[in-house]
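So the sequences go chain by chain: A and B.
Anchor point for the first sequence: position 100 equals 100 in the UniProt record's numbering, and the numbering is continuous, going up by one each time.
Anchor point for the second sequence: position 191 equals 191 in the UniProt record's numbering, and the numbering is continuous, going up by one each time.
Note that beta-carbon positions come from the ideal geometry of N, C-alpha and C, so glycine has one too.
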Amino acid sequence: MTRISVSVDGTEAVDEIEPRTLLVQYLREQRGRTGTPVGCDTSNCGACTVLVDGRAVKSCALLAVQADGAEVTTIQGLANGELHPMQKAFHEHHALQCGYCTPGMIMAAVDLVGEVADPSEQQVREGLEGNLCRCTGYQNIVAAVRDAAAEMRGAS
Amino acid sequence: MSTTQEQEVGAARRRKEDAHLITGQTTWTDNIQLPGTVHAALLRSPMAHARIRVDVSAARDEPGVVAAYSGADLADELAGLPSAWQVTPDWVAPEHKPLAVDEARYAGDAIAVVVADTRAHAVDALDAIEVDYEPLPVVLDMEQAMADGSPLVHTDAGTNVCFRYADTFGDLDAAFADAPVRIRRRFVQQRLVACAMEPRSVLVAPVPAAGEYTVWSSTQIPHFVRLFLAMLSGVPESRIRVIAPDVGGGFGSKLDIYAEELLAFTLAKKLGRPVKWTETRSEAFQATVHGRDQIQDLELAADADGRIRGLRVDLLADMGAYLQLLTPAIPLLGRAMFPGIYKMDAYRFGCVGVFTDKTPTDAYRGAGRPEATFAIERMLDELAAELHVDPLEMRRRNWIGHEEFPYTQIAGLTYDSGNYEAATARATELFDYDGLRAEQARRREEHDPVQLGIGVSTYTEMCGLAPSRWLGERGYAGGGWEAATVRVLPTGKVEAVIGTSPHGQGHVTTFSQLVADTLGVPFDDVEVIHGDTAAAPAGLDTYGSRSLAVGGVAVWRAAQRVLGKAKTLAAHLLEVSEDDLEFSGGNFAVRGTPGAAKSIQEVAFAAFAAHSMPDGMEPTLSADFVLEPDDFSFPHGTHLCAVEVDTETGRVEIRSYVAVDDVGKVVNPMIVEGQVHGGLAQGIAQALHEVARYDADGNLTTGTMVDYTPPTAADLPSFVLDRTETPSTTNPLGVKGVGEAGTIASTPAVVNAVVDALRPFGVVDVPMPCTPENVWRALHEAQGGAA
Ligand code: FES
Ligand code: FES
Numbered sequence: 001m002t003r004i005s006v007s008v009d010g011t012e013a014v015d016e017i018e019p020r021t022l023l024v025q026y027l028r029e030q031r032g033r034t035g036t037p038v039g040c041d042t043s044n045c046g047a048c049t050v051l052v053d054g055r056a057v058k059s060c061a062l063l064a065v066q067a068d069g070a071e072v073t074t075i076q077g078l079a080n081g082e083l084h085p086m087q088k089a090f091h092e093h094h095a096l097q098c099g100y101c102t103p104g105m106i107m108a109a110v111d112l113v114g115e116v117a118d119p120s121e122q123q124v125r126e127g128l129e130g131n132l133c134r135c136t137g138y139q140n141i142v143a144a145v146r147d148a149a150a151e152m153r154g155a156s
Numbered sequence: 001m002s003t004t005q006e007q008e009v010g011a012a013r014r015r016k017e018d019a020h021l022i023t024g025q026t027t028w029t030d031n032i033q034l035p036g037t038v039h040a041a042l043l044r045s046p047m048a049h050a051r052i053r054v055d056v057s058a059a060r061d062e063p064g065v066v067a068a069y070s071g072a073d074l075a076d077e078l079a080g081l082p083s084a085w086q087v088t089p090d091w092v093a094p095e096h097k098p099l100a101v102d103e104a105r106y107a108g109d110a111i112a113v114v115v116a117d118t119r120a121h122a123v124d125a126l127d128a129i130e131v132d133y134e135p136l137p138v139v140l141d142m143e144q145a146m147a148d149g150s151p152l153v154h155t156d157a158g159t160n161v162c163f164r165y166a167d168t169f170g171d172l173d174a175a176f177a178d179a180p181v182r183i184r185r186r187f188v189q190q191r192l193v194a195c196a197m198e199p200r201s202v203l204v205a206p207v208p209a210a211g212e213y214t215v216w217s218s219t220q221i222p223h224f225v226r227l228f229l230a231m232l233s234g235v236p237e238s239r240i241r242v243i244a245p246d247v248g249g250g251f252g253s254k255l256d257i258y259a260e261e262l263l264a265f266t267l268a269k270k271l272g273r274p275v276k277w278t279e280t281r282s283e284a285f286q287a288t289v290h291g292r293d294q295i296q297d298l299e300l301a302a303d304a305d306g307r308i309r310g311l312r313v314d315l316l317a318d319m320g321a322y323l324q325l326l327t328p329a330i331p332l333l334g335r336a337m338f339p340g341i342y343k344m345d346a347y348r349f350g351c352v353g354v355f356t357d358k359t360p361t362d363a364y365r366g367a368g369r370p371e372a373t374f375a376i377e378r379m380l381d382e383l384a385a386e387l388h389v390d391p392l393e394m395r396r397r398n399w400i401g402h403e404e405f406p407y408t409q410i411a412g413l414t415y416d417s418g419n420y421e422a423a424t425a426r427a428t429e430l431f432d433y434d435g436l437r438a439e440q441a442r443r444r445e446e447h448d449p450v451q452l453g454i455g456v457s458t459y460t461e462m463c464g465l466a467p468s469r470w471l472g473e474r475g476y477a478g479g480g481w482e483a484a485t486v487r488v489l490p491t492g493k494v495e496a497v498i499g500t501s502p503h504g505q506g507h508v509t510t511f512s513q514l515v516a517d518t519l520g521v522p523f524d525d526v527e528v529i530h531g532d533t534a535a536a537p538a539g540l541d542t543y544g545s546r547s548l549a550v551g552g553v554a555v556w557r558a559a560q561r562v563l564g565k566a567k568t569l570a571a572h573l574l575e576v577s578e579d580d581l582e583f584s585g586g587n588f589a590v591r592g593t594p595g596a597a598k599s600i601q602e603v604a605f606a607a608f609a610a611h612s613m614p615d616g617m618e619p620t621l622s623a624d625f626v627l628e629p630d631d632f633s634f635p636h637g638t639h640l641c642a643v644e645v646d647t648e649t650g651r652v653e654i655r656s657y658v659a660v661d662d663v664g665k666v667v668n669p670m671i672v673e674g675q676v677h678g679g680l681a682q683g684i685a686q687a688l689h690e691v692a693r694y695d696a697d698g699n700l701t702t703g704t705m706v707d708y709t710p711p712t713a714a715d716l717p718s719f720v721l722d723r724t725e726t727p728s729t730t731n732p733l734g735v736k737g738v739g740e741a742g743t744i745a746s747t748p749a750v751v752n753a754v755v756d757a758l759r760p761f762g763v764v765d766v767p768m769p770c771t772p773e774n775v776w777r778a779l780h781e782a783q784g785g786a787a
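Printed below as a string of structure tokens:
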């Protein structure tokens, strides 16, 4: 067992974990953050994407020990009293159907817009290539991300 | 909240479903943690066909292990899995145990189970299981499987043929005799994987002393799961509650009764504690049903001007190794759809279902109809090319005119409504059809290495499964009705209980809109209850684009009943005759007497208090309706696709895509568009990206997301959508269904475009998926090169 200290959605905790525990397992099973789902076992689908120290990471591709000392933000910690502009835009643009890809998609999109403040359609499509959605055909996701980006530019 | 009502039906209401999904406050089955839960992991055969001897005893000593069983250990306790659609009287339906007992018949067939305190311990302990695999000959190809002397998937069956089915309509010989034009083609519908983003998961919690069970499952069909768990386990249905909580997509793949559901149930019963199993994605590729997988031989006979005389269809349909819930019926759901929107004198449909040592097939978005539509739409393009006629013009010469509805087509279906001319006119306008044809001609002339292709698909499909009698006549064990309850609570809030079970389609929003309009209550005052057999006990669940066309009508009828009762009570309370009442905006007002009125909320409270009821009226304001559909509904549309094909690399790029669909009346246009977008993506994926491929030994070589390549955002274009509207006449809402339309229409539109681009090079077909390699090969072969 290894001891780690991780801040998850603003709450610090120290936990004993098996060294092989993936970050996503730690979040779901030990921290109860089940808002972050698992869609694959080969780190290809992006459903598990969270922010680690502000950058998007596939939490199934990281061991929990690698997040020792880090600040993790999951979909459950994104709204700050009110919905994040990205969450609002996903709702407004019908950018989700079953919603399984949505937590990862939103976190990846937040990171994308952090890097490129005014992404083109192509930049959004390429920027989200690591996140699969089987329901929406992506068109409304692209619209939501661009709209949220505009909102976030205005707000800053 | 204002009581004056905007019209809800037709409004692009944002979804009520979203709030918890965008904040991660979800209840996926795997999220549920119950005290004392043990976790199951399955050992799966790595060989496609082998005699097995399994010894699990060493696994029982591994850390955390609670129990371990082989298929032989549980052979007496585990019933075979059901196949509910006997397509012919003499079908072959071999036993399908949740854990294989002495033979594994596909790579991924489950052969043993370990139950442990954690998932990791269960998975670790699988390594300790000892298995002797004695390899048996493998058969993967349908034509080989049918040949004399082929190895058999099921030795006892004595054959690999599951069923033979054939139907002929009209005088086929006359249609084909002396036909000036005859075109033959073979198309292959490659095997596909649904890839719903949420892997399957099941959790069974027993109350041992009471003999009661609660089952959470990532399923499209909680009512069927309950029924079959009862039938297969002997536990009374009344003691089983099945909940489909948040479900992350299905596309047909969760329309099944799975080995793991029955296994988890049996283990929970045996061990007296909650048992959970969640599939890994790698398991999902092998153990969740696949879709499509047909070889289609077609022949079309036509007059010299292209008027279709007859169509002959012969299918080989791959069942995989076992029959799942609807496996043999899937190709037959396409039986009546090969004629498409076209008139013809004669039609023959034949289908042979064949077993192979591969994952079982079953429903995948469209289920039989995409295969049929692909074939006929490809044939129309081939006919057009043969006669040097524009493909749209060729369709005009053959389609059913808008003035001819209702029209009983050659296979006996009556298309109730439609207007193919209108949808096509709108699509060609949005697409700039003439402009693109001019550009195509220019590029051809200039020998541009990047050629432009234009693909047409004027599809129809049958939605609203299904009239129960129709199902019964075709060997299906169940019915096709749908149930709903609508109740106005004492506070005036409304609950609509539905029998369909959504997993992304937005039922809660759509049905709230329907009920809000009918009862004149605010959209936000309607709750929709679903997916729990304790709360919504009657229903036949979600598949086949039936939820609105059948389930929505049931909800609407129940709301009408509530309204009728409310009116009688309002008249009683106001001491007037019902004829004196006018209902609007949620109020019953006495005509000509200003101020004399009762709101539906007041009536609901009066019905709850029951102080003064008309003679014989039961207290409370609630009504049920079980709707038996009159007939199917037939959405249709015209999809046009332009592709650029690089003749040097074989690369295909979609340049533009226009979809004009007629899905009848629309409740929520935003949700309808979303369904079309997603459907298009999956249809395009079949055309360009996806195939479940096996190597010669029967190993699935496309068993991860990287290898299977479902399209990413970067692989797809933006779509241009519009709608035309001819209301369905088979239901009072005029709705048709939209869940599968995009998938059905788009595959032939894209492939027709690819072939169109390459036609000057002599190409007459490109096998799906039209990857650079397949395109390049087709080009090479057409030019006489050995590819
Ligand atoms: S779960 Fe698929 S990338 Fe992490
Ligand atoms: S909304 Fe279902 S996978 Fe994206």
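Item, Value
"Contact set for A/Thr102: own chain, Cβ-Cβ below 7 Å, skip 5 residues either direction", "Phe90, Leu96"
"Residue from B/Pro760, B/Arg184, B/Ala321, B/Ile32 whose Cα sits closest to the Cα of B/Ser218", "B/Ile32"
"Closer than 8 Å at the beta carbon, the chain A residues around B/Gly678", "Gln97, Arg134, Cys135, Thr136, Gly137"
"Whether B/Leu326 touches B/Ala363 by CB criterion (9 Å)", "yes"
"Three-pair Cβ contact test at 8 Å for the stretch 63-75 of chain A versus the stretch 115-130 of chain A", "no"
"Span separating the alpha-carbon of B/Leu323 from that of B/Leu140", "16 Å"
"Cross-chain neighbours of A/Gly154 in chain B, by beta carbon under 9 Å", "What A/Gly154 touches in chain B: nothing, since even the nearest Cβ is about 20 Å away."
"By C-beta, the residues closer than 6 Å to any heavy atom of ligand 1, given in chain order", "A/Val38, A/Gly39, A/Cys40, A/Ser43, A/Asn44, A/Cys45, A/Gly46, A/Ala47, A/Cys48, A/Lys58, A/Cys60"
"Boundaries of the alpha helix (DSSP H) in which A/Met105 is found, first to last residue", "102-115"
"Buried or exposed (CB count within 10 angstroms, at least 16 for buried), B/Arg200", "buried"
"Chain-ordered residues of the stretch 85-113 of chain A with a beta carbon less than 8 Å from chain B", "Gln87, Phe90, His91, Glu92, His94, Leu96, Gln97, Cys98, Gly99, Tyr100, Cys101, Thr102, Pro103, Ile106"
"Nearest residue (CA-CA) to B/Pro619, options B/Val643, B/Val645, B/Lys565", "B/Lys565"
"Simplified DSSP state of B/Asp630, which is helix, strand or coil", "coil"
"Inter-residue spacing [alpha-carbon to alpha-carbon] between B/Ser656 and B/Gln675", "19 Å"
"Neighbour flag for A/Asp6 against chain B, beta carbons, 9 Å", "Asp is not the amino acid found at residue 6 of chain A; the sequence shown has Val there. Not an interface residue."
"Under 8 Å from the C-beta of A/Gln76: neighbouring residues of chain B", "Thr23, Gly24, Gln25"
"Which residues DSSP lists as bridging B/Ser217, in chain order", "B/Val202"
"Min CB distance B/Ser150 to chain A below 9 Å", "no"
"B/Gly679 CB to nearest heavy atom of ligand 2 below 8 Å", "no"
"Cβ of A/Asp118 within 9 Å of any chain B Cβ", "no"
"DSSP state of B/Met1 mapped onto helix, strand, coil", "Unreliable positioning characterises B/Met1 in this predicted model, as indicated by a pLDDT of 35, which lies under 50. A coordinate reading is not provided."
"As assigned by DSSP and simplified to three states, the class of B/Ala787", "Bear in mind that the predicted position of B/Ala787 carries a pLDDT of just 48, short of 50, making it too unreliable to give a figure here."
"Contact under 9 Å by Cβ, B/Gly272 with B/Val235", "no"
"B/Ala120 vs A/Glu18 beta-carbon contact at 9 Å", "yes"
"Contact under 9 Å by Cβ, B/Leu81 with B/Ile240", "no"
"Segment limits, beta strand (DSSP E) that includes B/Arg294", "Note on residue identity: the sequence assigns Gln, not Arg, to residue 294 of chain B. From DSSP, the beta strand (DSSP E) with B/Gln294 extends over 290-302."
"Residue from B/Thr510, B/Glu382, B/Val562 whose Cα sits closest to the Cα of B/Gln759", "For clarity, residue 759 of chain B is Arg in the given sequence; the question names Gln instead. Ranking the options by Cα distance to B/Arg759, first place goes to B/Glu382."
"At least 3 beta-carbon pairs within less than 8 Å: the stretch 21-31 of chain B vs the stretch 87-101 of chain B", "no"
"Pair within 9 Å by beta-carbon distance, residue 159 of chain A and A/Leu63", "Residue coverage of chain A in this structure runs from 1 to 156, which leaves residue 159 of chain A outside it and unanswerable."
"Contacts that A/Pro35 makes with chain B (C-beta to C-beta distance below 9 Å)", "Sequence inspection shows Gly at residue 35 of chain A; the Pro mentioned does not correspond to that position. Under the 9 Å cutoff, chain B gives Thr23, Gly24, Gln25, Thr26, Asn31."
"DSSP bridge partner residues for B/Tyr420 (one or two, in chain order)", "Answer is none; B/Tyr420 lacks a bridge partner."
"Cβ shell of B/Asp695 (< 6 Å), same chain only, five flanking positions each side left out", "Thr701"
"Alpha-carbon spacing of A/Gly46 relative to B/Gln505, whole angstroms", "22 Å"
"Cβ-Cβ distance between B/Pro360 and B/Gly320 below 9 Å", "yes"
"Those runs of the alpha helix (DSSP H) which lie wholly inside the stretch 38-119 of chain B and span at least 4 residues", "none"
"Where A/Thr11 meets chain B, residues with beta-carbon distance less than 8 Å", "Under the 8 Å cutoff, chain B gives no residues; its nearest Cβ is about 15 Å from A/Thr11."
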